[in-house]
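In my numbering, the protein residues as written are 97 to 513.
Virtual Cβ for every residue (Gly too), placed ideally from N, Cα, C.
The structure appears right after this line, and notes come after that.
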Ligand SMILES: *Cc1c(COP(=O)(O)O)cnc(C)c1O
């Protein structure tokens, strides 16, 4: 029987999160009672429009931005596409630029890297910055990569696979310095975008402190609704819409608004930002305990991403508090995932695998992992319902399944000879 009676232990919060009940409660009236189209002039429309205005203001306050700098979208992918295509196409077709250059990294989410690749077909050139073994870009490399025709720098705030938190504030400062000398030379300023989808519930989002011009946030990673998100667009940033139509969102994102989604996203972000310091502390204790145990009991295992165990993380957080990513050479990550699933435990791997080919994660390749290591990689990401008891069970189960997998792979080797 395929029916599972086991409790689910969800350890894949970097993939997506359940919605917070308070988020759902805030959204409900906008599907039912207050369902009006915000563009309508009668009271039902006015109610909906007011709710959008409040959601926008709430988000703007959390970012120290202005409400008109927040454009709601249908998620992280759309916001990233808007940031990249929107600025590049403005420069190419509205700004009449001949050459457009983008600087990004080798460890971005595919929303960023595939957008850049698509733009290369429209004549844009791209530099993909290397990262070190922990996943950090180098500011020196970044500075060297900037050319007169550089339009945009896009560096993710925190990596979804290995948890590395990039030095966004330092990048912002560096670009400010570069931009002031560019202005003196009659060059246009370099626009700075950060994909902050993994950082919304963890990091500071103050756009002034960060020095960003564009910032992507989504709801599905912060206990909000899926297919919700926004792009922060600093006033004066030249950007074209991706979606044309009725002119909603000040002409930047047409289509009847997802009022419940906007409301839900604003509540989710408010809760996430309000609780982040306390929750970060709680998760770091759980995370580091799990890392300690795994590395102790599996001697061949290595941790991917920054190791900040025992360090004063509050001074300078280097790794997402909920992220554990380890490689165990000789273990098939996908098989381990399925074994764990049979016990109700949800984790993720470092590859997309099918019977005929094996696609190691571009992030693991960028930090110098071998194919064997990438193949044996699992990502465990904790969340607000994760407790010590669940992690103890997950840890024991992982050990048990790894031993089983090692034995069966040995038998397999033996049998095929
Ligand atoms: C999840 C994620 C995205 C994509 O967001 P969607 O809301 O799924 O479209 C983009 N970047 C990062 C870093 C992510 O983690």
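Residues that DSSP places opposite residue i in a beta bridge
i	result
residue 442	106
residue 311	290 and 328
residue 168	326
residue 477	108 and 419
residue 254	261
residue 349	339
residue 399	422
residue 96	Residue 96 falls outside the range modelled here, since the chain spans only 97 to 513, and no answer is possible.
Cβ neighbour criterion (16 or more within 10 Å) applied to residue i
i	result
residue 331	exposed
residue 271	buried
residue 114	exposed
residue 336	buried
residue 295	buried
residue 240	exposed
residue 456	buried
residue 307	buried
residue 209	buried
residue 268	buried
residue 138	exposed
residue 373	exposed
residue 429	buried
residue 171	buried
Close beta carbons around residue i, own chain, < 8 Å, minus the five adjacent residues each side
i	result
residue 421	257, 258, 259, 399, 400, 401, 446, 473, 474, 475 and 476
residue 130	140, 143, 144, 147 and 355
residue 397	390, 391, 422, 423 and 424
residue 500	435
residue 120	360
residue 158	301, 365, 366 and 369
Other residues of its chain near residue i: CB distance less than 7 Å, five sequence neighbours each side excluded
i	result
residue 417	298, 376, 379, 380 and 383
residue 493	436, 439 and 441
residue 409	380
residue 122	359, 360 and 363
residue 329	165, 167, 310 and 335
residue 134	141, 144, 145, 148, 353 and 355
residue 245	195, 196 and 197
Contacting residues, own chain, Cβ-Cβ under 6 Å from residue i (five flanking each side not counted)
i	result
residue 110	256 and 477
residue 482	none
residue 254	261, 294, 295 and 416
Straight-line Cα distance separating residue j from residue i
i	j	result
residue 155	residue 302	11 Å
residue 103	residue 490	12 Å
residue 512	residue 212	With a pLDDT of 38 at residue 512, under the threshold of 50, the predicted position of this residue should be treated as unreliable, and no value is reported.
residue 181	residue 338	7 Å
residue 152	residue 184	26 Å
residue 107	residue 407	24 Å
residue 61	residue 414	Residue 61 is absent from the model: the chain starts at 97 and stops at 513.
residue 127	residue 117	16 Å
residue 234	residue 251	11 Å
residue 480	residue 112	12 Å
residue 349	residue 314	16 Å
residue 463	residue 237	16 Å
residue 316	residue 169	13 Å
residue 162	residue 264	20 Å
residue 288	residue 262	13 Å
residue 351	residue 432	43 Å
residue 502	residue 342	59 Å
residue 300	residue 222	28 Å
residue 344	residue 230	42 Å
residue 197	residue 274	16 Å
residue 498	residue 434	12 Å
residue 291	residue 179	9 Å
Residue i beta carbon near ligand 3 (any heavy atom closer than 7 Å)
i	result
residue 259	Of the ligands this structure carries, namely ligand 1, none is ligand 3.
Minimum Cβ-Cβ distance from residue i to chain D less than 8 Å
i	result
residue 264	Given the protein chain composition of this structure (a single chain), no chain D is represented.
I want to know whether the segment 273-282 touches the segment 387-399 - three or more CB-CB distances under 8 Å. no
The segment 226-244 / the segment 199-215 touching (three or more Cβ pairs under 8 Å): yes
I want to know whether the segment 311-328 touches the segment 359-372 - three or more CB-CB distances under 8 Å. yes
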